[in-house]
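In our numbering, the protein residues as written are 4 to 151.
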């Protein structure tokens, strides 16, 4: 599952902080993503998205570090943090109550996303239709489709 689906289903996720991600990369433990590449992206206060204040500016390019998702993610900054989390019971581990609050957040967040698509279709001069299961005003879990 992806980030959004995990939040929607209330699945707690453990994510390395940007500092720990760099450490994992530098020590050869994790080579899937080179975080230093992100430092080449444009940075500054004029970006259309924000980052968590304690994290480097490049983290704004990764959904895992977006401020709106911070309440639904567990960040670890070391192997010691991981060890501590692994010794917790499921109830202790989910101290942010992601199992309950994640789906509640995602329902509202999805309404915003669908509203954004509707606005984009309107700006482009296209009509749209809502597939059964939801409405344009965001009630329910429907889909918005552009009509050509």
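For every residue, glycine included, the Cβ atom is placed at its ideal position computed from N, Cα and C.
Check: How is residue 79 classed by DSSP in three states: helix, strand or coil?
Finding: When DSSP states are grouped into helix, strand and coil, residue 79 belongs to the strand group.
Notebook entry, point to check: Going by beta carbon distance, what residues of the same chain come within less than 6 Å of residue 97, once the five residues before and after it are set aside?
Noted result: Excluding positions up to five away in sequence, the list reads 15.
Note to self: I'd like to confirm the pairing. Which residues does DSSP put opposite residue 18 in its beta bridges?
What the structure shows: BP columns for residue 18 point to 78.
Item checked: Assumed close pair residue 150, residue 130 - CB separation to whole angstroms, cut-off 8 Å -> So it is a contact: roughly 4 Å between Cβ atoms.
Notebook entry, point to check: To which residues does DSSP link residue 150 through a beta bridge?
Noted result: Paired residues: 130.
Next item on the list: Say whether the region 79-91 touches the region 107-121, bearing in mind that this needs 3 or more beta-carbon pairs closer than 8 Å, one atom from each stretch.
Entry: At 8 Å Cβ cutoff, the stretches do not touch.
Notebook entry, point to check: Any heavy atom of the ligand GDP closer than 7 Å to the Cβ of residue 95?
Noted result: This structure simply doesn't include the ligand GDP, nor any ligand for that matter.
Item checked: Boundaries of the alpha helix (DSSP H) in which residue 68 is found, first to last residue -> Segment: none, residue 68 is in no alpha helix (DSSP H) and carries neither H nor E.
Item checked: For residue 40, the first and last residue of its enclosing alpha helix (DSSP H) -> First-last for residue 40: undefined, no H or E at that position.
Note to self: If distances are taken between C-alpha atoms only, which option among 127, 114, 126 comes closest to residue 133?
What the structure shows: Per the Cα distances, 114.
Check: Mapping DSSP to helix, strand and coil, what is residue 55?
Finding: The answer is coil: DSSP assigns residue 55 none of H, G, I, E or B.
Notebook entry, point to check: Is residue 6 helix, strand or coil when you go by DSSP?
Noted result: Three-state DSSP puts residue 6 in a helix.
Item checked: Same chain, Cβ closer than 7 Å to residue 147, five either side skipped, listed in chain order -> Residues 117, 120, 121, 131, 133 of the same chain have their beta carbon placed closer than 7 Å to that of residue 147, with the five preceding and five following residues left out of the count.
Notebook entry, point to check: What do you get for residue 138, buried or exposed, if any count of 16 or more other CB atoms within 10 angstroms of its CB means buried?
Noted result: The pLDDT assigned to residue 138 is 47, lower than 50, so where the model puts this residue is not dependable; a value taken from the coordinates is nonetheless given after this. Per the 10 Å Cβ criterion, exposed.
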